[in-house]
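Notes follow once the structure below has been shown.
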Amino acid sequence: MLRVILVDDEKPALDLMELMLSKRMDVEVVGMFLKPAEVLLSIETLKPDVVYLDIDMPGMNGVELAMQIAEQDDQVAVVFVTAHERFALEAFSVHALDYILKPIVEEKLERSLGRVYKLKRLGKGKPEIAGPSIAIKMLGGFEVKSGSQIPIRWLTAKAEELFAYLLLHDCSVSKWVLMDSLWPNTETYKAEQSLYTTIFRLKQAFKENNLGFTIQAVKKTYRLIPPMEWYWDVKELLNPQSFDNERSLQEVMKLYKGDLLAGKDYFWCYQKRQEIAGCYQKMALCLAQSYFSQKRYREGIEVAEKVLQHASLDEEFVEKLEALQKMKLDQRLKRRIDKLLSKILAEES
Numbered sequence: 003m004l005r006v007i008l009v010d011d012e013k014p015a016l017d018l019m020e021l022m023l024s025k026r027m028d029v030e031v032v033g034m035f036l037k038p039a040e041v042l043l044s045i046e047t048l049k050p051d052v053v054y055l056d057i058d059m060p061g062m063n064g065v066e067l068a069m070q071i072a073e074q075d076d077q078v079a080v081v082f083v084t085a086h087e088r089f090a091l092e093a094f095s096v097h098a099l100d101y102i103l104k105p106i107v108e109e110k111l112e113r114s115l116g117r118v119y120k121l122k123r124l125g126k127g128k129p130e131i132a133g134p135s136i137a138i139k140m141l142g143g144f145e146v147k148s149g150s151q152i153p154i155r156w157l158t159a160k161a162e163e164l165f166a167y168l169l170l171h172d173c174s175v176s177k178w179v180l181m182d183s184l185w186p187n188t189e190t191y192k193a194e195q196s197l198y199t200t201i202f203r204l205k206q207a208f209k210e211n212n213l214g215f216t217i218q219a220v221k222k223t224y225r226l227i228p229p230m231e232w233y234w235d236v237k238e239l240l241n242p243q244s245f246d247n248e249r250s251l252q253e254v255m256k257l258y259k260g261d262l263l264a265g266k267d268y269f270w271c272y273q274k275r276q277e278i279a280g281c282y283q284k285m286a287l288c289l290a291q292s293y294f295s296q297k298r299y300r301e302g303i304e305v306a307e308k309v310l311q312h313a314s315l316d317e318e319f320v321e322k323l324e325a326l327q328k329m330k331l332d333q334r335l336k337r338r339i340d341k342l343l344s345k346i347l348a349e350e351s
């Protein structure tokens, strides 16, 4: 785990770097400072592996600060952050490991972290880089596994529900919306206290299971920040590239094991459930049409049969089956089509 200190006299720049670094499970931001002088008082206690600092700061500039950090602990790596490339030579004059030109983007941070790790391997042995793989499945149920591949146990049902809500909404959500969604018909004060308690328990679950997720809280809004590497079946299903070719459609359709969060009576997820089921149906139709256009009728019918195990067929798909029913096909195929249409009719009645 790399211990990182961030130094910049502009708070938005600090917040941006902290947000980017928080996505990595192998990095811990142990300190953020607006004033260079405060950094020197904290080096000994925080014991950072690397300090990211702005060069152009009032009072004590970054180069001076880097020199004083080196005097305290010459094992601390320094990466300069600057808006002006002309400072690069000055940065390397004090043996900086790297420098990043603003605007800061994740690729630049990744490059610098790679150099830090390389330095640590040479000087202190191989660092702890790899974190656990995270796998989240929401199609046909709800299961979260960490590196042990054992489903995690949530501290409370509400912590589990809040995680699902924030993950599916992938944006900043106000506390009022969260309270209305997870604690409807509850007094405001009680709902608010329940929310704060649940957020605390959710953070506990993240830490205890080494999930790598964090919750970003800004002005009474909350957003879930995922780790760098993780798997989520819903994300894979909704990937636009899933429609690129027949093989992609075949693979992604295997992910759909049933309704979104099946078995969970979360009233707020009804619309999301319908949207994802609709996406699955479109994929199925697209794949079936590909088969039908190649006169691979049996495979197209198999797609329809699989869809009906978990969802309904949309009108366009049904019309295609009715058209096939009128064609001169193998009798076994026609019987399968008849069975499909009868099942659809029975479900509608």
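In terms of the working numbering, the sequence shown has 232 at position 230, counting the first letter as 1, and numbering is strictly consecutive.
Cβ coordinates follow ideal geometry from the N, Cα and C atoms, glycine included.
These numbers were taken from a predicted model, which means no experiment stands behind them.
For LEU111, the CB contacts under 8 Å within the same chain, skipping 5 residues up- and downstream, are MET19, MET22, LEU23 and ILE102 in chain order. GLU277 counts as exposed, since fewer than 16 other C-beta atoms from the protein chains shown sit within 10 angstroms of its C-beta. Between the segment 194 to 205 and the segment 152 to 162, the count of Cβ pairs shorter than 8 Å is three or higher; the stretches touch. Looking at the DSSP output, THR216 bridges to ILE227.
ILE136 sits buried, since 16 or more C-beta atoms from the chains shown fall within 10 Å of its C-beta. Every unbroken stretch of the alpha helix (DSSP H) spanning 4 or more residues and falling wholly within the segment 239 to 278 is given here in chain order: 248 to 255. In terms of Cβ geometry, LEU289 and LEU326 do not form a close pair [threshold 8 Å]. Just so you know, the alpha carbons of LEU8 and VAL146 end up roughly 32 Å apart.
Taking a 10 Å sphere around the C-beta of CYS173, we find fewer than 16 other C-beta atoms and assign the residue as exposed. Here DSSP, grouped into helix, strand and coil, assigns VAL29 to strand.
For LEU55, the enclosing beta strand (DSSP E) has its first and last residue at 52 to 56. In the DSSP assignment, PHE35 forms a beta bridge with VAL9. Within 10 angstroms of the beta-carbon of ILE152 lie fewer than 16 other beta-carbons, which makes it exposed. Of the candidates GLN273, LYS122 and LEU239, the residue whose Cα lies closest to the Cα of TYR167 is GLN273. Rounded to whole angstroms, ARG300 and LEU141 show a C-alpha spacing of 26 Å. For THR84, DSSP records a beta bridge to LEU103. C-alpha of ALA286 to C-alpha of TYR233: approximately 22 Å in a straight line. A contact is defined here as three or more CB-CB pairs under 8 Å, and the segment 43 to 52 meets this definition with respect to the segment 68 to 80.
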